[in-house]
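Residue numbers (our numbering): 1317 to 1376.
Glycine is no exception: its CB is placed at the ideal position from the N, C-alpha and C atoms.
Computed from a predicted structure; not experimentally measured.
For reference, the structure discussed in these notes is given below.
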Ligand code: SF4
């Protein structure tokens, strides 16, 4: 049903894994996303920084 930017997905589990992986209910945007260094960096911290920059750059 969507969520605001910056809010944790309710399907993200305690190990930062997707609770809907291989589940047909997983959103298409998630299942079709291909990891990309410009978005994901090389670790979780870098990914959070890069994604926040992207969000800020396209915020209204
Ligand atoms: S892959 Fe999609 S559905 Fe799964 S935890 Fe991440 S945002 Fe949520």
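From the listed residues 1346, 1354, 1352, the smallest Cα separation to residue 1338 is found for 1346.
According to the DSSP secondary-structure assignment, residue 1334 is paired through a beta bridge with 1328. Set against 7 Å, the gap from the CB of residue 1343 to the closest heavy atom of ligand 1 is smaller. A straight line joining the alpha-carbon of residue 1330 with that of residue 1354 spans about 25 Å.
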